[in-house]
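Novice: Let me give you the structure first, and then I'll get to my questions.
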Amino acid sequence: MKEELIEIIFKYREDFASDNEPLGAIKGHKVDIMLNLERPYPPVLRRPAYPASPRAREALESHIDELVKLGVPRKVGHKEEVEVTMPVIISWNNYKSRMVGDFRALNTYTIPDRYPIPRVHETFTQL
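Every number in the working numbering is 287 more than the matching position in the sequence shown, counting from 1.
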């Protein structure tokens with residue numbers, strides 16, 4: 288069983304995060320997040336940043352720089368109009384930082400995915 292799992296992971300290694308590639312990527316799959324409201328978006332979706340200590344700001348800049356290098360987001364200029372902003376905080380565990388976004392306000396306007404993962408008993412019934 289363990290050998291089979293290792294074989295599967297090795298076969299699809301580019302889909303998993305690794306030291307060389309910290310973000311996994313499933314090729315040919317794009318996710319569109321649909322919102323159930325029209326532009327201009329309400330002010331609740333353009334919230335200012337939470338206050339942060341100098342230590343947290345330094346950690347946040349480090350996380351953002353790493354993500355920008357990976358091509359995930361892009362930095363926005365101060366005068367550039369932004370449609371949606373979510374506060375980001377730094378969570379600390381054993382002196383190691385982790386960036387966490389507060390997406391609760393955005394989630395209330397998100398249209399749910401209509402293709403959920405099939406239930407196990409439904410899959411077995413089809414077999």
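Note that the Cβ used here is the ideal one computed from N, Cα and C, for glycine as well.
Go through its chain and collect everything with a Cβ distance to VAL375's Cβ below 8 Å, but skip five positions before and after it.
Specialist: Mapped onto the sequence shown, residue 375 falls at position 88. Within the same chain, Cβ atoms closer than 8 Å to the Cβ of VAL375 are found at ALA336, TYR337, LEU347, MET386, VAL387, GLY388, ASP389, the five residues on either side in sequence being excluded.
Novice: My parser needs the alpha helix (DSSP H) runs of 4 or more residues fully inside the region 324-391; what are they?
Specialist: 341-356
Novice: Okay, do the region 311-330 and the region 390-402 touch, 3+ Cβ pairs below 8 Å being the bar?
Specialist: yes
Novice: Taking the beta carbon of ILE377 as the centre, do at least 16 other beta carbons fall within 10 Å, making it buried, or is it exposed?
Specialist: Here the question's residue 377 lines up with position 90 in the sequence shown. Burial call: buried.
Novice: Using 8 Å as the threshold, is the C-beta distance between THR372 and ARG334 below it?
Specialist: On the sequence shown, position 85 is the one that residue 372 refers to. On the sequence shown, position 47 is the one that residue 334 refers to. Yes.
Novice: Provide the residue span of the alpha helix (DSSP H) that contains THR410, from first to last.
Specialist: As a working note, residue 410 is residue 123 in the sequence shown. Counting along the chain, the alpha helix (DSSP H) containing THR410 begins and ends at 407-413.
Novice: Give the DSSP-derived three-state secondary structure of LEU322 in the structure shown.
Specialist: Residue numbering aside, residue 322 sits at position 35 when the sequence shown is read from its first letter. It is a strand residue.
Novice: By Cβ distance, which residues of its chain are closer than 8 Å to ILE296, with the 5 residues on each side in sequence left out?
Specialist: For the purposes of this step, residue 296 is taken as residue 9 along the sequence shown, with counting starting at 1. So the list reads PHE303, once near-sequence residues are dropped.
Novice: Tell me which same chain residues have a C-beta within less than 8 Å of the C-beta of GLU370, skipping the five on either side of it?
Specialist: For this step, residue 370 is matched to residue 83 along the sequence shown. Closer than 8 Å at the Cβ level, and outside the excluded window around GLU370, lie ARG326, PRO327, TYR328, LEU332, ARG333.
Novice: To the nearest angstrom, how far is the alpha carbon of HIS273 from that of ARG342?
Specialist: The displayed coordinates of the chain run from 288 to 414. Any statement about residue 273 would go beyond what the structure contains.
Novice: Taking LYS356 as the reference, which of GLU409, PHE411, MET288, LEU310 has the closest Cα?
Specialist: Mapped onto the sequence shown, residue 356 falls at position 69. Among GLU409, PHE411, MET288, LEU310, the Cα nearest to that of LYS356 belongs to LEU310.
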